[in-house]
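Remarks on the structure that follows.
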Amino acid sequence: MSYDMLATSKTPALVIYLLDFSGSMSRSMEGRRRIDVVGEALKAAIQQMIFRSTKGSLISPRYHVALYVYSRDVFDVFDGIKPIHEVARLGLPELSTMNSTDTAKGFAQVEKLLQARLGDYQDCPAPLVCHMSDGEYTGKDPQPIVERIMGMAVPDGNVLVENIFISDQILAKPVDDPKQWPGILADTELRTAYGLKLRAMSSLLPPSYRIMMLEMDYQIAPGAAMLLPGVNAELVGMGFQMSTATPVM
Amino acid sequence: MGEGSGLRRIAQDRESPVTVARGEGWLCRYAYARAADLRAPGRTGQDYLVWRESAQALAFALCDGVSQSFFGDLGARFLGEALLGWLWEDLSPIFDPDVLRNALVEQLLAWTGPATELVQSYRLAHGLPELLRGVLEEKRALGSQSTFVSGRFDWPSGELPEGRVVLAWMGDSRLRLWGPEGERTAELGGGPETAQRWSSLKGPVGGEPHLYIAPLVGAGSLPTRVMVYSDGLAVLDGLAQPPLDEALQAFIDRSEMAPTSDDIAFWELQLSADLASGAAGGEPVEEVVGAGPSGAAGQQEQPVVTTPGTGILTSGGARRLRRRLVGWKLVALVIAVVGVVGAIGWFILLPALREYRAKPTPTPTAVLAPTVRPGRDPSRGRGLLR
Numbered sequence: 110m111s112y113d114m115l116a117t118s119k120t121p122a123l124v125i126y127l128l129d130f131s132g133s134m135s136r137s138m139e140g141r142r143r144i145d146v147v148g149e150a151l152k153a154a155i156q157q158m159i160f161r162s163t164k165g166s167l168i169s170p171r172y173h174v175a176l177y178v179y180s181r182d183v184f185d186v187f188d189g190i191k192p193i194h195e196v197a198r199l200g201l202p203e204l205s206t207m208n209s210t211d212t213a214k215g216f217a218q219v220e221k222l223l224q225a226r227l228g229d230y231q232d233c234p235a236p237l238v239c240h241m242s243d244g245e246y247t248g249k250d251p252q253p254i255v256e257r258i259m260g261m262a263v264p265d266g267n268v269l270v271e272n273i274f275i276s277d278q279i280l281a282k283p284v285d286d287p288k289q290w291p292g293i294l295a296d297t298e299l300r301t302a303y304g305l306k307l308r309a310m311s312s313l314l315p316p317s318y319r320i321m322m323l324e325m326d327y328q329i330a331p332g333a334a335m336l337l338p339g340v341n342a343e344l345v346g347m348g349f350q351m352s353t354a355t356p357v358m
Numbered sequence: 321m322g323e324g325s326g327l328r329r330i331a332q333d334r335e336s337p338v339t340v341a342r343g344e345g346w347l348c349r350y351a352y353a354r355a356a357d358l359r360a361p362g363r364t365g366q367d368y369l370v371w372r373e374s375a376q377a378l379a380f381a382l383c384d385g386v387s388q389s390f391f392g393d394l395g396a397r398f399l400g401e402a403l404l405g406w407l408w409e410d411l412s413p414i415f416d417p418d419v420l421r422n423a424l425v426e427q428l429l430a431w432t433g434p435a436t437e438l439v440q441s442y443r444l445a446h447g448l449p450e451l452l453r454g455v456l457e458e459k460r461a462l463g464s465q466s467t468f469v470s471g472r473f474d475w476p477s478g479e480l481p482e483g484r485v486v487l488a489w490m491g492d493s494r495l496r497l498w499g500p501e502g503e504r505t506a507e508l509g510g511g512p513e514t515a516q517r518w519s520s521l522k523g524p525v526g527g528e529p530h531l532y533i534a535p536l537v538g539a540g541s542l543p544t545r546v547m548v549y550s551d552g553l554a555v556l557d558g559l560a561q562p563p564l565d566e567a568l569q570a571f572i573d574r575s576e577m578a579p580t581s582d583d584i585a586f587w588e589l590q591l592s593a594d595l596a597s598g599a600a601g602g603e604p605v606e607e608v609v610g611a612g613p614s615g616a617a618g619q620q621e622q623p624v625v626t627t628p629g630t631g632i633l634t635s636g637g638a639r640r641l642r643r644r645l646v647g648w649k650l651v652a653l654v655i656a657v658v659g660v661v662g663a664i665g666w667f668i669l670l671p672a673l674r675e676y677r678a679k680p681t682p683t684p685t686a687v688l689a690p691t692v693r694p695g696r697d698p699s700r701g702r703g704l705l706r
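If you read the sequences in order, they're chains A and B.
Residue numbers for the first sequence, in our numbering: 110 to 358.
Residue numbers for the second sequence, in our numbering: 321 to 706.
Encoded structure:
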């Protein structure tokens with residue numbers, strides 16, 4: 110359970126994105142639609158993976174990526190898991206918003222993928238599921254499914270679940286400077302029951318990930334939860350950068 | 321591989337198994353292997369190894385291109401050539417570390433100009449995916465980067481009666497020293513520094529280059545072995561002694577099989593006591609001793625024997641060299657057998673014969689004392705061979 114396995118082409122890091130594209134994602138954030146902010150942050154995260162995987166113009170498949178978007182239904186954007194060089198070739202699609210927020214259905218799809226494919230990643234870094242949403246779920250409670258996912262493990266550690274919640278409703282104190290923000294700790298005051306639920310649905314940031322975050326100039330504290338309140342584009346971006354923080358060579 | 325004028329540029333687009341080159345008073349081993357990721361698609365390795373020798377001196381540069389910079393192989397190649405040129409042409413025959421360090425820093429800064437031009441003019445291939453092109457342009461803005469270990473050995477001469485060694489390095493490539501009494505790497509002060517490198521954009525990054533200067537002969541002189549390797553061969557870090565040729569090749573092969581496989585460049589110089597008599601330099605000979613992974617040696621040029629100024633002898637020369645070595649081994653074997661037979665005669669047969677002679681016998685017997693000719697030490701003249 111050390112989370113120190115390096116992402117290499119022979120032991121790639123699996124990162125699964127589960128993104129809420131409900132209608133509320135059309136709302137404005139700093140003059141742009143939330144969906145556009147998220148799309149940009151996702152693109153930056155994919156570019157970060159490519160940056161870390163590139164030798165010359167060759168992209169080593171150090172990362173494997175799956176991308177699901179959900180609303181009432183779940184859509185598998187890449188048709189399963191794709192190595193990062195394939196993602197670079199495919200590019201990121203234009204995404205548009207839909208209606209409801211069936212978070213449980215989205216996580217059920219992720220659980221199904223992991224049940225089918227986790228065996229392929231036994232010698233790899235622990236997979237990471239990055240969930241982004243801007244509202245409370247409208248279907249079943251996703252927490253039992255998330256707990257089952259967090260119970261899955263490879264020798265490097267349990268599957269990590271990260272939540273980026275685009276809302277200014279969960280933190281009691283605003284984040285003044287994301288670069289100096291210590292993150293959401295066990296004793297951080299949260300304003301809503303859903304905030305508490307999200308913290309329970311989020312893994313603790315492994316020390317090896319924290320080192321990578323420090324290298325990216327984020328002063329995240331030990332023991333922080335992998336839960337980011339996406340109150341602005343910078344924090345949304347920080348959340349997506351966290352999803353790429355598997356140690357690399 | 322061999323380029324005449326004692327200059328060796330090790331190709332970045334193929335593997336070079338462990339190869340030994342010998343000159344008067346020195347022996348050099350080197351090897352090169354690309355990361356597993358780069359081999360299958362036939363890409364260029366990002367390490368660069370170049371060295372040059374003559375009757376007066378020997379200089380080398382081992383550079384490890386930073387893969388997260390813009391085409392690290394580009395930076396490594398540029399820097400390796402620039403360092404070797406400076407060491408060979410412009411290094412002042414002095415021992416003052418401050419003066420030499422300042423001169424090196426000045427060069428590392430001056431090279432950013434032509435290096436940046438090189439980076440800016442580098443054309444990306446057509447048809448690259450947009451996401452990759454964006455990342456490469458981002459890297460281009462940051463420049464190409466490389467770590468390095470380089471050095472120059474001046475054999476004793478009128479200008480430098482005790483000879484001289486200058487070693488300069490930045491970054492996490494390994495530099496280790498040994499003397500007759502064991503490893504002396506601690507004398508270098510500090511270990512590999514991952515934050516240090518040379519940047520085509522900024523010059524030295526993460527501090528100033530480290531420098532080691534010493535005479536080659538005399539009290540407190542240079543260690544007898546200098547080993548340099550890139551971090552792809554970090555498996556050697558735990559070894560107290562340098563590995564034998566076959567073991568070294570095995571370490572390289574094993575490193576290339578590991579998930580963390582990285583480019584490997586290895587270079588080592590062993591100096592003999594003959595240096596004290598000013599016998600260094602001379603005509604080097606060279607042979608491939610490692611098979612390399614998947615018969616890598618078979619994919620290479622034939623083993624070459626280079627003689628500066630006289631061109632290149634190909635595998636025939638290597639075969640003659642091997643035959644000569646086999647001949648010496650036979651001579652050594654014969655001497656050893658004669659020695660053993662002599663010892664048996666001296667310690668067993670002679671006392672028995674004396675005992676026999678002490679008894680009254682009707683007919684005296686003459687016994688020849690065993691003759692042991694002074695045998696030549698089989699390691700003499702090959703003191704650098706292990």
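Using N, Cα and C, we set each Cβ at its ideal position, and we do this for glycine too.
Check residue i in the structure and name its three-state DSSP category.
i       : result
L633(B) : Note that L633(B) scores 26 on pLDDT, short of 50, meaning its location in the model is unreliable; the coordinates nonetheless yield the value given after this. Of the three classes helix, strand and coil, the one that applies to L633(B) here is strand, per DSSP.
E437(B) : helix
P579(B) : coil
G538(B) : coil
L411(B) : coil
T432(B) : helix
P192(A) : strand
R640(B) : Because R640(B) sits at a pLDDT of 37, beneath the cut-off of 50, its placement in the model cannot be relied upon, and the following sentence gives the value as read from the coordinates. Helix.
W475(B) : coil
G502(B) : strand
S466(B) : strand
Y230(A) : helix
W406(B) : helix
Between which two residues does the alpha helix (DSSP H) holding residue i run?
i       : result
Q590(B) : That residue, Q590(B), is in no alpha helix (DSSP H); its beta strand (DSSP E) goes 584-591.
Y744(B) : This structure cannot speak to residue 744(B), because chain B is shown only from 321 to 706.
V303(A) : Note that residue 303(A) corresponds to Tyr in the displayed sequence, not to Val. Counting along the chain, the alpha helix (DSSP H) containing Y303(A) begins and ends at 302-309.
M261(A) : Per DSSP, M261(A) belongs to no alpha helix (DSSP H) and is neither H nor E.
D357(B) : 356-359
F160(A) : 143-162
I want to verify the contact list: residues of chain A whose CB lies under 8 Å from the CB of residue i, in sequence order.
i       : result
L456(B) : T163, S166
T364(B) : G165
D357(B) : S118, K164, L167, S169
Residue i: buried (16+ other C-beta within 10 angstroms of its C-beta) or exposed?
i       : result
K353(A) : The question names Lys, yet the displayed sequence has Thr at residue 353(A). With 16 or more Cβ atoms within 10 Å of its Cβ, T353(A) is classed as buried.
I707(B) : Residue coverage of chain B in this structure runs from 321 to 706, which leaves residue 707(B) outside it and unanswerable.
K459(B) : buried
A616(B) : Reliability of the predicted coordinates at A616(B) is poor, the pLDDT of 41 falling under 50, and the value obtained from them is presented with this limitation in mind. Per the 10 Å Cβ criterion, buried.
L536(B) : buried
S557(B) : In the sequence under discussion, the amino acid at residue 557(B) is Asp, which differs from the Ser named in the question. So D557(B) ends up on the exposed side.
I144(A) : buried
D333(B) : exposed
E426(B) : exposed
R706(B) : Caution applies to R706(B), whose pLDDT of 26 falls short of 50 and renders its modelled position unreliable; the value that the coordinates give is listed next. By the 10 Å Cβ count, R706(B) comes out exposed.
E588(B) : buried
N272(A) : buried
K214(A) : buried
L429(B) : exposed
P543(B) : buried
I320(A) : exposed
Strictly below 7 Å CB to CB, what residues from chain B border residue i?
i       : result
G228(A) : The contacting residues do not exist; G228(A) stays about 17 Å from chain B at best.
A197(A) : P449, L451, L452
M358(A) : T580, D582
Along chain A, which residues have their Cβ under 9 Å away from the Cβ of residue i?
i       : result
F391(B) : K164, G165, S166
Just curious, the beta strand (DSSP E) that residue i is in, first and last residue?
i       : result
D333(B) : Note, D333(B): premise wrong, no beta strand (DSSP E); not H, not E.
D185(A) : 183-185
Y172(A) : 172-179
A122(A) : 122-129
Discussion item. With three or more beta-carbon pairs closer than 8 Å as the criterion, would you say the region 188-200 of chain A touches the region 367-377 of chain B?
Written reply: With the cut-off at 8 Å, the region 188-200 of chain A and the region 367-377 of chain B do not touch.
Worksheet item: Is there contact between the region 255-268 of chain A and the region 226-242 of chain A, where contact requires at least three CB pairs shorter than 8 Å?
Response: Three or more Cβ pairs drawn from the region 255-268 of chain A and the region 226-242 of chain A lie within less than 8 Å of each other, which places the two stretches in contact.
Item to complete: Decide yes or no for the touch test of the region 570-585 of chain B against the region 345-356 of chain B: beta carbon pairs closer than 8 Å, at least 3 of them.
Response: The region 570-585 of chain B, when compared against the region 345-356 of chain B, does touch it at the 8 Å Cβ threshold.
Worksheet item: Listed in chain order, which residues of the region 423-446 of chain B have Cβ atoms closer than 9 Å to some Cβ of chain E?
Response: Among the protein chains in the structure shown, which are A and B, there is no chain E.
Worksheet item: Using 8 Å as the threshold, is the region 562-571 of chain B in touch with the region 333-350 of chain B, meaning 3 or more CB pairs across them?
Response: Yes: at least three Cβ pairs fall under 8 Å.
Worksheet item: Below 8 Å, can you find three or more Cβ-Cβ pairs linking the region 192-210 of chain A to the region 275-293 of chain A?
Response: The count of Cβ pairs closer than 8 Å, one atom from the region 192-210 of chain A and one from the region 275-293 of chain A, stays below three, leaving the stretches out of contact.
Worksheet item: Touching or not, the region 119-134 of chain A and the region 242-259 of chain A, by the rule of three or more beta carbon pairs under 8 Å?
Response: Contact holds: three or more Cβ-Cβ distances are below 8 Å.
Fill in: Segment contact flag, the region 505-518 of chain B with the region 441-458 of chain B, C-beta cutoff 8 Å, min 3 pairs
Flag = no, the region 505-518 of chain B and the region 441-458 of chain B do not touch.
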